[in-house]
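Numbered per this note's numbering, the sequence shown spans residues 3 to 188. Data first, discussion second: the structure below is written as C-alpha cells.
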Amino acid sequence: MDEVKTPATLREAIAYFSSLDNCVSYMSSKRWPGGVECPVCGGTKVTYDAKTWRWQCSKTHPKRKFSLKTGTILEDSPIGLDKWLPVIWLVTNCKNGVSSWEVHRATGVTQKTAWFMLQRARLALQGKNGGKLSGEIEAGESFIGGKARFMHKHKRAEKIHGRGPDGKAIVAAVLERGGEVRCKVG
Ligand SMILES: [Zn+2]
Numbered sequence: 003m004d005e006v007k008t009p010a011t012l013r014e015a016i017a018y019f020s021s022l023d024n025c026v027s028y029m030s031s032k033r034w035p036g037g038v039e040c041p042v043c044g045g046t047k048v049t050y051d052a053k054t055w056r057w058q059c060s061k062t063h064p065k066r067k068f069s070l071k072t073g074t075i076l077e078d079s080p081i082g083l084d085k086w087l088p089v090i091w092l093v094t095n096c097k098n099g100v101s102s103w104e105v106h107r108a109t110g111v112t113q114k115t116a117w118f119m120l121q122r123a124r125l126a127l128q129g130k131n132g133g134k135l136s137g138e139i140e141a142g143e144s145f146i147g148g149k150a151r152f153m154h155k156h157k158r159a160e161k162i163h164g165r166g167p168d169g170k171a172i173v174a175a176v177l178e179r180g181g182e183v184r185c186k187v188g
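This is the structure in C-alpha cells:
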C-alpha cells in the first residue's frame, strides 16, 4: 500500500481525497493506527470489501458491517468523505478564517452545505474552553473507536452526557494528528 500522505495545501487535499481509496487509507490510518477495529465489539478480525469500501466483522452481532463514517460525526451525513475530508483538513489546519464561500468554490458543495459542514467541523474542534482539544484527543479517539469503556469514568460521563466536546465529533481532532501541515488555501 502507498504511504499515507497528509496533504499540504487545500488543492492537494481536494485532489487527494477525490479518490475514495485515498480517503479510506488516510482516515483508517488515523482512526485505527493499530489496524481496523469493529466499532461495535472492538474485534480486529474484519474483512474489507473494496467495492463498497466497507468492512464486516467476523463475529456475529448486529451492525457487523461498518464504514469509516460509522461511529463518527459523519455517520448520518449524506455528504461523502471526498467532501468532508478536505473540509476537516481545512478547519484543522486553517483555524482562522475559512469561509463557507471558499469551501463552496473549492469543493463544489453549495454554500449552504459548506456553512453547515464548517459549523460541524468547528464544533468538533471546540474544546470546553472554546479552544483546541489537545488533552481531549486521546479520549475522543477512544470514543470514536467504540471504546468509551476504557475512558476514565468522569471523562466518559462528561463526553457522553456533559457539555464538553462531543466525543463523536473528535474524528476531526484525530485527523489533526496527521502532522504539522501549514495552511495554504489555494
Ligand atoms: Zn464486531
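We treat Cβ as the ideally placed atom computed from N, Cα and C, and that holds for glycine. The structure displayed is predicted, hence computed values, not measured ones.
Asked, Found
"Assumed close pair Val42, Lys65 - CB separation to whole angstroms, cut-off 8 Å", "5 Å"
"Whole-number beta carbon distance between Ser102 and Ala116, since they are thought to touch under 8 Å", "4 Å"
"Cβ-heavy atom distance, Val93 to ligand 1, below 7 Å", "no"
"Heavy atom of ligand 1 within 7 Å of Gly67 beta-carbon", "One detail in the question is off: residue 67 reads as Lys in this sequence, not Gly. It does not: the Cβ of Lys67 is nowhere closer than 7 Å to a heavy atom of ligand 1."
"Proximal residues to Thr58 (C-beta, below 6 Å), its chain only, five neighbours per side dropped", "Sequence inspection shows Gln at residue 58; the Thr mentioned does not correspond to that position. Only Thr49, Arg66, Lys67 meet the Cβ criterion."
"Which listed residue (Gln121, His106, Gly36, Trp86) has its alpha carbon closest to that of Phe19", "Trp86"
"Neighbour-count burial assignment, Gly147, 16 or more Cβ in a 10 Å radius", "In this prediction, Gly147 scores a pLDDT of 35, lower than 50, which makes its location untrustworthy; the coordinate-derived value is nonetheless stated afterwards. With 16 or more Cβ atoms within 10 Å of its Cβ, Gly147 is classed as buried."
"Buried/exposed call for Pro35, threshold 16 Cβ in 10 Å", "exposed"
"Residue(s) in a DSSP beta bridge with Thr49", "Gln58"
"Per DSSP, cross-strand counterpart(s) of Lys67", "Gln58"
"Proximity of Pro88 and Thr109 at Cβ, strictly below 8 Å", "yes"
"Three-way DSSP call (helix, strand, coil) for Ile81 in this model", "coil"
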